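Chemist: Protein chains in written order, with the working numbering: chain X, 1 to 108; chain E, 1001 to 1115. Cβ coordinates follow ideal geometry from the N, Cα and C atoms, glycine included. A quick note: this is a predicted structure, and the numbers were derived from the prediction, not measured.
#1: Is the beta carbon of residue 68 (chain X) less than 9 angstroms from the beta carbon of residue 52 (chain X)?
#2: Rank E:1101, E:1081, E:1100 and E:1103 by C-alpha distance to the C-alpha of residue 1113 (chain E) and give the top, closest one.
#3: For residue 92 (chain X) versus residue 30 (chain X), is the C-beta distance shorter than 9 angstroms?
#4: Give me, in chain order, the residues of the same chain whose beta-carbon lies closer than 8 angstroms to that of residue 76 (chain X); leave out the 5 immediate sequence neighbours on both sides.
#5: List the DSSP bridge partners of residue 1007 (chain E).
#6: Suppose only complete runs of 4+ residues qualify. What are the alpha helix (DSSP H) ranges in the region 1033-1063 of chain E, listed by chain order?
#7: I'd like to confirm the pairing. Which residues does DSSP put opposite residue 152 (chain X) in its beta bridges?
#8: Quick check on DSSP: helix, strand or coil for residue 21 (chain X)?
#9: Would residue 1078 (chain E) pass as a contact of residue 1071 (chain E) if the rule is Cβ separation under 9 angstroms?
#10: Within its chain, find whatever has a CB closer than 6 angstroms to the CB of residue 1049 (chain E); leave out the 5 residues flanking it on each side and keep chain order.
#11: Could you tell me which chain X residues have their CB closer than 9 angstroms to the CB of residue 1074 (chain E), listed as they occur along the chain?
#12: Please return the same chain residues whose Cβ sits closer than 8 angstroms to the Cβ of residue 1074 (chain E), not counting the five positions on each side in sequence.
#13: Looking only at its chain, what residues have a beta carbon closer than 8 angstroms to the beta carbon of residue 1101 (chain E), apart from the 5 residues adjacent to it on each side?
#14: If you draw a straight line from the alpha carbon of residue 1088 (chain E) to that of residue 46 (chain X), how long is it in whole angstroms?
#15: By alpha-carbon positions, which one of X:4, X:100, X:74 and X:12 ends up nearest to residue 48 (chain X)?
#16: Where do the ends of the beta strand (DSSP E) carrying residue 78 (chain X) lie?
#17: How many angstroms separate the CA atom of residue 21 (chain X) from the CA atom of residue 1014 (chain E)?
#18: Within a Cβ cutoff of 8 angstroms, which residues of the same chain sit near residue 1006 (chain E), ignoring the five residues on either side of it in sequence?
#19: Residue 31 (chain X) by DSSP, collapsed to three states: which one?
#20: At 4 residues or longer, and completely inside the region 44-78 of chain X: list those alpha helix (DSSP H) runs for me, N to C.
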């Protein structure tokens, strides 16, 4: 079964880029890489997703390696409000594989 | 963007009673809904997948008679925790997806406390 691993926690200085890695070395060809974030006691919020190509939207950028075995979520200018738990999730049909999440702490 | 409404946000009940949690898709038809359980500082744990009009598919180790899921319409799924016990206390979250899409929209979660 596909598995995703993420570092449990990371710190980032306010205004700097936050780079959150996710390892999914057993990803299958039809699995999309999704990123969500969860602020305490709320439901996860969608950030970005991709299949093969790098993606960018108003919130973040997603870099997927050519072999698709890992990806990195980039928050270009982290703010204090970006402090949250970030989840990397593989999705293919009704198959969901959650990473353990990275608790990002943005510090002033 | 699509909105998923989950109610109640918080519920406290006595041991032995049943609690129903609702998950509604407000502006799209949710052919598939998912229910999760989350312990403090842990990742979401998928409990079951429900497709409109059919029986839910439960993950291994989740008691289907304990956690009753009904997905009777394209906009509503319910999770009923039957004969609740203190060990059922947890944060429960639902998510829904639109027909033909992979993207999940999550509810805001329900904190269940069983006394």
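Modeler: So, from the listed chains and residues:
#1: Note that the C-beta distance between residue 68 (chain X) and residue 52 (chain X) is below 9 angstroms.
#2: If we check each option's Cα against that of residue 1113 (chain E), E:1081 comes out closest.
#3: The Cβ-Cβ distance between residue 92 (chain X) and residue 30 (chain X) falls below 9 angstroms.
#4: If we look at residue 76 (chain X) and ignore the five residues flanking it on each side, its Cβ neighbours are 17, 60 and 61.
#5: Its beta-bridge partners are E:1022.
#6: As far as the region 1033-1063 of chain E is concerned, it has no whole alpha helix (DSSP H) run of at least 4 residues.
#7: Because chain X is modelled from 1 through 108, residue 152 (chain X) falls outside the range shown and cannot be assessed.
#8: Here residue 21 (chain X) carries a strand assignment [DSSP, helix/strand/coil].
#9: Contact: yes.
#10: Cβ neighbours of residue 1049 (chain E) beyond the five flanking positions: 1034 and 1057.
#11: One finds nothing in chain X with a Cβ atom closer than 9 angstroms to the Cβ of residue 1074 (chain E); even the nearest lies about 16 angstroms away.
#12: Here the set comprises 1025, 1029, 1030, 1031 and 1052.
#13: The answer is none, since no qualifying residue turns up.
#14: Distance between the alpha carbons of residue 1088 (chain E) and residue 46 (chain X): 27 angstroms.
#15: Cα-wise, what sits closest to residue 48 (chain X) is X:74.
#16: Looking at the DSSP string, residue 78 (chain X) is not in any beta strand (DSSP E), and its letter there is neither H nor E.
#17: About 43 angstroms.
#18: For residue 1006 (chain E), where only same-chain residues beyond five positions count, the Cβ hits under 8 angstroms are 1021, 1022, 1023, 1024, 1093, 1094, 1107, 1108, 1109 and 1110.
#19: In the structure shown, residue 31 (chain X) falls within a coil segment according to DSSP collapsed to helix, strand and coil.
#20: Uninterrupted alpha helix (DSSP H) stretches at least 4 residues long and entirely within the region 44-78 of chain X do not occur.
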